[in-house]
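Asks: In the working numbering, the protein residues as written are 4 to 156.
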Ligand code: FES
């Protein structure tokens with residue numbers, strides 16, 4: 004990763020990309036989603052403050068563990084005066100996201116266990132395949148629209 008001299012306070016998108024490891028297109032995407040911001044030069048080129056590096060590192064670390072961009076944006080927006088996240092911010096937020104990650108892992112484990120039954124089957128039946136119809140809470144009461152059938156009685 005190329006070092007950027009301390010005397011440079013603003014980075015071009017190329018410098019930010021090289022230093023952060025994020026593709027230029029990803030940086031433009033982050034900017035379009037409000038995760039980072041830049042000012043424009045007279046020649047309409049983007050310039051990022053140095054602390055944008057830390058914001059990009061924060062975004063990429065959160066993305067790596069599967070945190071949705073909307074959640075990341077919300078976390079960044081809740082920082083006082085939209086400042087760059089500190090080490091303490093990351094510690095606090097990553098702790099809060101742990102429960103969400105645990106739930107997602109449990110959900111994936113359930114899907115993996117059901118997938119074992121589906122391997123080589125291919126039926127994708129709405130009646131019996133848990134993957135095809137995972138939320139069929141009324142399926143055990145019988146076929147068809149159980150709420151309509153039961154309401155008519
Ligand atoms: S595909 Fe047949 S049970 Fe899931």
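Ideal placement from N, C-alpha and C gives every residue a C-beta, glycine not left out.
Alpha carbons only, please: which of 151, 65, 133, 64 is nearest the one belonging to residue 117?
Replies: Of 151, 65, 133, 64, the residue nearest in Cα terms is 133.
Asks: Out of 77, 24, 119, 87, state which residue places its alpha-carbon closest to the alpha-carbon of residue 52.
Replies: 87
Asks: Apart from the five residues just before and just after residue 113, which ones in its own chain have a Cβ nearer than 8 Å to its Cβ?
Replies: none
Asks: Tell me which residues pass a beta-carbon proximity test against the ligand FES: closer than 7 Å to any heavy atom, given in chain order.
Replies: 120, 121, 124, 125, 126, 127, 128, 131, 132, 133, 134, 135
Asks: Can you tell me which residues form a DSSP beta bridge with residue 49?
Replies: 43
Asks: Look up residue 151 in the DSSP assignment and give the residues it is bridged to.
Replies: DSSP, once it has assigned bridges, lists no residue as partnering residue 151.
Asks: Should residue 25 go down as buried or exposed, given a rule of 16 or more other Cβ atoms within 10 Å for buried?
Replies: buried
Asks: DSSP state of residue 13, grouped into three classes?
Replies: Residue 13 falls in the strand class under three-state DSSP.
Asks: Cβ atoms of residue 16 and residue 30: under 7 Å apart, would you say?
Replies: Yes, Cβ-Cβ distance for residue 30 and residue 16 is below 7 Å.
Asks: Looking only at its chain, what residues have a beta carbon closer than 7 Å to the beta carbon of residue 96, apart from the 5 residues adjacent to it on each side?
Replies: 78
Asks: Beta-carbon within less than 8 Å of residue 89's beta-carbon, same chain only, minus the 5 sequence neighbours each way: which residues are those?
Replies: Here the set comprises nothing.
Asks: With 16 other CB atoms within 10 Å as the buried threshold, where does residue 109 fall?
Replies: exposed
Asks: Reducing DSSP to helix, strand and coil, say where residue 54 ends up.
Replies: coil
Asks: At a cut-off of 6 Å, would you count residue 57 as near the ligand COA, judging by its Cβ distance to the nearest heavy atom?
Replies: With respect to the ligand COA, the structure shown offers nothing to examine, as its ligands consist of the ligand FES.
Asks: Please look up how many angstroms separate the CB atoms of residue 28 and residue 59, rounded, as I've assumed it's under 8 Å.
Replies: About 13 Å; that fails the 8 Å criterion.
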